[in-house]
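Protein chains in written order, with my numbering: chain A, 1 to 145; chain B, 1 to 228.
Think of the CB as a built atom: it goes at the ideal place given N, C-alpha and C, for glycine as much as any other residue.
Keep in mind the model is a prediction, meaning the values are calculated, not measured.
One structure is given below, encoded as structure tokens.
Here you go:
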């Protein structure tokens with residue numbers, strides 16, 4: 001249960017990080033706060049879109065899905081079931097793979113770092129680690145029972 | 001009971017994060033928005049080294065003057081995100097005309113700007129302009145782009161795709177035919193106090209930095225109303 005609470009908190013943070021990047025990308029925000037001096041380079045690169053959709057939008061949708069699933073998993077009806085944890089693990093695994101690809105692009109293709117993208121990658125990595133840990137604990141407790 | 005209490009704190013924490021996140025983005029959208037200020041005296045084009053390229057009707061009631069550099073990431077983003085909308089909704093409808101003034105921020109800015117000018121002398125400025133802006137990442141992401149032969153080949157490809165006579169274009173690029181004019185324009189714009197790109201002048205109003213289409217449209221409408 002605790003891992004789903006942590007996933008909810010982290011995914012909510014992730015939503016705001018991705019939303020911030022998305023709003024800048026579509027011109028709603030005038031200036032992008034950045035201490036790494038590479039945010040604009042990354043956000044205006046050809047890799048900031050995937051299949052014609054801003055990458056940040058995938059982030060918003062992905063974190064929102066994780067937020068909803070983790071919250072559902074905390075409801076009494078689902079509390080004793082492992083499906084929400086498995087779903088969170090699967091979703092965050094996909095998110096982590098996508099983030100790893102984007103981080104690779106920053107490091108070796110674009111040669112610039114965007115702190116918000118890195119923050120998003122760290123968040124999804126922690127979510128995946130927690131949900132994987134939750135899945136393993138669940139599996140062990142079921143085996144012992 | 002203990003669980004209910006835990007959940008109460010948990011939901012309170014989510015609420016705090018939601019409020020803080022919303023407030024942070026709201027503040028960013030206000031504080032980060034580029035300032036629109038009234039100019040004491042709009043930059044005159046009368047004695048210009050080069051007044052820029054114009055798209056749209058001479059009879060349009062309002063003129064948008066855009067100062068931009070092809071090596072500026074925000075300029076490319078603006079062109080990609082809002083360029084087509086401006087052309088479709090403001091220029092083609094006759095509400096405004098667009099004047100592009102190249103503002104070479106750096107020495108290396110001369111290369112793409114001269115390439116655009118070389119296409120421009122064959123009447124293909126806007127095609128080349130769009131190619132350079134829309135594909136900025138293709139040539140600008142290479143840290144050595146300004147010394148790379150492949151950049152010249154890339155620009156040449158853009159020119160050819162734009163329908164430019166490549167033989168004439170090559171000669172123009174090799175000569176650096178427009179370097180002097182580009183530098184003179186830069187000095188003129190700098191002397192008028194302009195420091196960054198993109199910058200937009202609409203009548204007596206100036207917006208600096210990345211702005212939304214809605215902000216630009218609002219400036220155009222305000223000036224049009226003031227002139228009625």
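Check, Outcome
"Continuous alpha helix (DSSP H) stretch holding residue 200 of chain B: start and end", "It is not in any alpha helix (DSSP H) - residue 200 of chain B instead sits in the beta strand (DSSP E) that spans 199-202."
"Neighbour flag for residue 25 of chain B against chain A, beta carbons, 7 Å", "yes"
"Straight-line gap, residue 24 of chain B to residue 220 of chain B (C-alpha atoms, nearest Å)", "30 Å"
"Residue-level contact to chain A via CB, residue 81 of chain B, 7 Å cutoff", "yes"
"Beta carbon proximity, residue 38 of chain A to chain B, threshold 7 Å", "no"
"Within 7 Å of chain A by C-beta, residues of the stretch 190-210 of chain B in sequence order", "209, 210"
"Buried or exposed (CB count within 10 angstroms, at least 16 for buried), residue 104 of chain A", "exposed"
"For residue 55 of chain B, the three-state DSSP class (helix, strand or coil)", "strand"
"The stretch 121-137 of chain B touching the stretch 160-170 of chain B, judged by at least three CB pairs closer than 8 Å", "yes"
"Beta-carbon neighbours of residue 291 of chain B, restricted to chain A and to distances below 9 Å", "The structure shown does not extend to residue 291 of chain B, since chain B is modelled only from 1 through 228, so no value can be given for it."
"Residues from the stretch 10-29 of chain A in contact with chain B, defined by Cβ distance under 9 Å", "12, 13, 15, 16, 17, 19, 20, 23, 24, 25, 26, 27, 28, 29"
"Cross-chain neighbours of residue 17 of chain B in chain D, by beta carbon under 7 Å", "The structure shown contains no chain D; its protein chains are A and B."
"Chain A residues whose Cβ lies nearer than 9 Å to that of residue 10 of chain B", "5, 8, 9, 74"
"Reduced DSSP category for residue 32 of chain B - H, G, I as helix; E, B as strand; rest coil", "Because the pLDDT at residue 32 of chain B is just 49, under 50, the model does not fix this residue reliably, and the value given afterwards should be weighed accordingly. Looking at residue 32 of chain B - three-state DSSP - the assignment turns out to be coil, as it is neither helix nor strand."
"Contacts around residue 24 of chain A, its chain only, beta-carbon distance under 7 Å, and the 5 residues preceding and following it disregarded", "32, 43"
"Close beta carbons around residue 4 of chain A, own chain, < 6 Å, minus the five adjacent residues each side", "70, 73, 74"
"Residue-chain proximity (residue 148 of chain B, chain A), Cβ-Cβ < 7 Å", "no"
"Assigned secondary structure, residue 49 of chain A (DSSP; H/G/I helix, E/B strand, else coil)", "strand"
"Paired residues, beta bridge with residue 76 of chain A - DSSP", "Paired residue(s): none; residue 76 of chain A is not in a bridge."
"Listed by chain order, chain A residues near residue 106 of chain B by CB distance under 7 Å", "Going along chain A, no residue has its Cβ under 7 Å from residue 106 of chain B, so there is no contact; the nearest lies around 15 Å."
"Local Cβ density within 10 Å of residue 77 of chain A, reported as buried at 16 or more and exposed below that", "exposed"
"Proximity of residue 132 of chain A and residue 89 of chain A at Cβ, strictly below 7 Å", "yes"
"For residue 97 of chain B: DSSP bridge partner residues", "B:63"
"Cβ separation of residue 16 of chain B and residue 205 of chain B, assumed to be a contact under 8 Å, to the nearest whole Å", "In fact, because the Cβ distance is near 40 Å, the residues do not count as touching under 8 Å."
"Cβ-based burial, residue 143 of chain B [other Cβ within 10 Å; buried from 16]", "exposed"
"Per-residue burial, residue 180 of chain B [other beta carbons within 10 Å of its own, 16 or more giving buried]", "exposed"
"7 Å Cβ shell around residue 57 of chain B - same chain, five flanking residues per side excluded", "94, 97"
"Interface residues of the stretch 162-189 of chain B facing chain A [CB-CB below 9 Å]", "none"
"Residue 21 of chain B versus A:28, A:27, A:13, A:21, residue with shortest Cα-Cα distance", "A:13"
"Pairwise C-alpha distance: residue 34 of chain A and residue 40 of chain B", "32 Å"
"Straight-line Cα distance separating residue 198 of chain B from residue 106 of chain B", "14 Å"
"Beta-carbon proximity list for residue 60 of chain B, same chain, < 8 Å, skipping 5 on both sides", "91, 94, 95, 96, 97"
"For residue 206 of chain B, the first and last residue of its enclosing beta strand (DSSP E)", "205-208"
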